[in-house]
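In my numbering, the protein residues as written are 810 to 1411.
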Amino acid sequence: MAQNQPINVDALLARVNSPAHYAGGEWNSCNKDWDAVAVRLCLAFPDTYEIGMSNLGIQILCEIVNEMPDALCDRAFTPWPDMAKVLRETGNHLFGLESRRPLRDFDAVGFSIPYELGASNILEMLDLGGIPVLAAERGADDPIVIGGGASLVNPEPLADFYDLIVIGEGEEILPALLAELRDLRSASPDWRPAFLKSAAPREGVYVPAFYQPAYRPDYSYAGIASRDPAAPPEIRRLHVDIDHHVRPLNPLVASTETVFDRASVEIHRGCARGCRFCQAGFVDRPVRTRSPENVRRLADSALAATGHRDLTLLSLSAADYRDVDDLIGAVRRDADNPHLRVNIPSTRVDAFNVKLAEALCESRRGSLTFAPEAATERLREVIHKGISEEDLLRTAELAFSSGWQALKLYFMIGLPTEEMADVEGIVHLANKVLQVGRRHRGGRARLRVGVSTFVPKPHTPFQWFPQAGIDEIIAKQDVLKRGLRDRAIKLNWNDPEHSSIEALLSLGDRRVGRAVKRAWELGAKLDSWDEWHEPEIWKQACRETGVDLDWFIHRLRPEDEVLPWDHVRIHTKPWVLRWEYDRALADARGDQQAIPTAAYTD
């Protein structure tokens, strides 16, 4: 691959609005000697610096790779349009922040993709980095492009852009792949096909070029088959023991404000609650817990290395961590900082108790976040949320009486079997919670209500359900806007056009990649940002490439349909998902009769 000199980044910074996003040199960054290592990786995050620098996965992987004596790990983020324009006008390429080398000079570029709407950013970064966007067009002088992250449990919509995809957690497989790449690249001019053949049999590794999807004349998907002896017929998702990977010990400190400007420690991975809409709750099984000793070690190291006064204990359901209130107290005592604020993310309503409230009260109070997801008992049964209205009102009572002045509630609309009465239930429930707040906090009580649109996700019991149409979602949003007019309530909702593209990228097969590429060519970028997302571009791209958007996202899938992600195996058995799907329909009817599991097989 080409070995160019570092880019003169300083000459570019005066021409852009946010130069700190591209300057590098952050506190705790690691700038290893380019010529002193044998393999060089750039971790690329397909969103902007302020989003990517808040991603704990990037921090973990950077630290792991940079601990390898013969490897370096650099970072790159999606540039804002002004920097993209400057790079193209000056003939420069997108670069790694530490080395300032073009992406095309690295041995591997790894994309961590936590959400689907980063798809167009991946192509933009590849093109700006001097790398062909299609894997089939890359040669011996191009880096290996690796994909990973939560959204790739269905790898097919983006398969054509990656040489290799890691399905699952990368803490152990990434160093092994880099060592293999190092050895093969130096041994043969035909290192690229040799590396892919060598990597393909590894558990959790998917080489899209070694698989051929098939389609029927009626447009339906017929399945996928391995076309290379090195490629297994199924890919099993990787899981690691997080207690064996105590990182990051020295987190990077961003040079400018980020969306989550705080230290973070992961205490759980996975969730045993089984909410039927939740992809992470199914694909991250089994639940793995970090020991209190290692949580405290990470927290102590992160706070000392960064100077942060805010610490988040991360988990899908942090309150389910055994004795989490005692853990919070121990972390605060270790830090010996009266200004330290310890937070936990969205908390289960039924897990919030007096001891947890007291532990959090010892920190500076922010707001508390709860996610009922649905406002009626019937719909909560359908999604298997397992909480009652009484649980939520009791929790609100405890929170407001303990001194909090603001709560956040998260709901979804467009859920399977939802009726307009369920949407109106959000209005009624939110107003009840606000009244609880006013009894304790008077006019200072505040409530934020966030409402997102349901997107069916692969490897969940709801993967067979259609997404609600845009007109239906807009009508339901209007009900909420009319009903939640109290000045103490702030209502936030998302654009259903965003959600339809997210659903396409979640549920699509490899044909969707044509629409992704065409949308990027038409100007799609930064699609997770309201001000940059242009739904008409995506609709035009679908029309021009023959991708039927409605077919992919707005139809009920039959039980026997072959799904584009069936070759990816997660810990949860497929029959369990189908049983949960049938149980949800029974719950919607109010049918409490047991459904025997004996009738379900893989």
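All residues carry an ideal CB built from backbone N, CA and C; glycine is no exception. Everything numeric in this text was worked out from a predicted model, so none of it was measured.
Euclidean distance between Cα positions of residue i and residue j
| i | j | result |
| --- | --- | --- |
| V1446 | M1229 | Residue 1446 lies beyond the stretch modelled for the chain, which goes from 810 to 1411, so this question has no answer here. |
| A1089 | Y1390 | 17 Å |
| Y1409 | K1382 | 10 Å |
| D842 | D992 | 19 Å |
| D914 | V895 | 20 Å |
| G957 | R1378 | 15 Å |
| I867 | P1060 | 10 Å |
| F1086 | A1277 | 14 Å |
| L865 | S1073 | 7 Å |
| H1289 | S1155 | It should be pointed out that residue 1289 corresponds to Leu in this sequence rather than to His. Looking at the two C-alpha atoms, the distance is approximately 22 Å. |
| R1187 | D1200 | 15 Å |
| T1115 | D950 | 38 Å |
| P855 | E980 | 19 Å |
| V918 | S960 | 18 Å |
| A1108 | A996 | 43 Å |
| V825 | A893 | 10 Å |
| R1320 | G1138 | 52 Å |
| A1168 | A1407 | 45 Å |
| E978 | G1292 | 43 Å |
| R1367 | P1275 | It should be noted that the sequence gives Pro, not Arg, for residue 1367. P1367 and P1275: Cα-Cα distance of roughly 11 Å. |
| E1330 | T1354 | 12 Å |
| L1372 | H1117 | 45 Å |
| G834 | V848 | 21 Å |
| R1296 | L1165 | 30 Å |
| A811 | M862 | Caution applies to A811, whose pLDDT of 49 falls short of 50 and renders its modelled position unreliable; the model cannot decide the point. |
| I974 | R1001 | 15 Å |
| V1260 | R884 | 33 Å |
| S908 | G938 | 14 Å |
| P878 | A988 | 11 Å |
| I869 | C882 | 11 Å |
C-beta contact flag for residue i and residue j at 8 Å
| i | j | result |
| --- | --- | --- |
| C851 | N875 | no |
| F904 | Y858 | no |
| A1350 | R1327 | yes |
| T1269 | S1308 | no |
| R1078 | R1106 | no |
| P1225 | V1191 | yes |
| I940 | L967 | no |
| V964 | I976 | Sequence check: residue 964 is Pro here, not Val. For P964 and I976, yes; Cβs fall inside 8 Å. |
| T1121 | N1152 | yes |
| L1314 | E933 | no |
| R1056 | V962 | no |
Counted within 10 angstroms of its Cβ, other Cβ atoms place residue i as buried (16 or more) or exposed
| i | result |
| --- | --- |
| Y1028 | exposed |
| A945 | exposed |
| P1305 | buried |
| V1068 | exposed |
| V954 | buried |
| T1204 | buried |
| Q1021 | exposed |
| C1084 | buried |
| V1325 | buried |
| S1064 | buried |
| A1254 | buried |
| I1283 | exposed |
| P1405 | exposed |
| Y1024 | exposed |
| L1365 | exposed |
| E1227 | buried |
| V1163 | exposed |
| G1212 | exposed |
| Q1286 | buried |
Presumed contact (8 Å Cβ cut-off) between residue i and residue j, rounded CB distance
| i | j | result |
| --- | --- | --- |
| Y1015 | I1044 | 5 Å |
| D969 | R947 | With a Cβ gap of about 11 Å, D969 and R947 do not count as contacting. |
| P1181 | F1209 | Not a contact, Cβ separation roughly 16 Å. |
| N1303 | R1257 | No, N1303 and R1257 are not in contact; Cβ-Cβ is about 14 Å, not under 8 Å. |
| Y1429 | L1136 | The structure shown does not extend to residue 1429, since the chain is modelled only from 810 to 1411, so the question has no answer here. |
| K1334 | W1341 | 6 Å |
| Y1030 | D844 | Contact doesn't hold; Cβ gap of about 48 Å is too wide. |
| A1184 | L1238 | 4 Å |
| T899 | L821 | 7 Å |
Heavy atom of the ligand GTP within 7 Å of residue i beta-carbon
| i | result |
| --- | --- |
| L1112 | Inclusion of the ligand GTP in the displayed structure is not the case, the ligand content being empty and no account of it being possible. |
Closer than 8 Å to chain D by CB, residue i
| i | result |
| --- | --- |
| S1035 | No chain D appears in the structure shown, which is made up of a single protein chain. |
Inside the region 838-873 only - alpha helix (DSSP H) runs reaching at least 4 residues: 858-861
Ordered list of alpha helix (DSSP H) runs contained in the region 1036-1099, each at least 4 residues: 1088-1092
Whole beta strand (DSSP E) elements within the region 915-983, 3-residue minimum: 917-921, 953-957, 973-975
Sequence ranges, beta strand (DSSP E) only - wholly within the region 1114-1191, length at least 3: 1119-1123, 1150-1152, 1177-1182
3 or more residues per run - each beta strand (DSSP E) lying fully within the region 1262-1304: 1298-1302
Segments of 3+ residues assigned as beta strand (DSSP E) that fall wholly inside the region 991-1035: 1020-1024, 1030-1035
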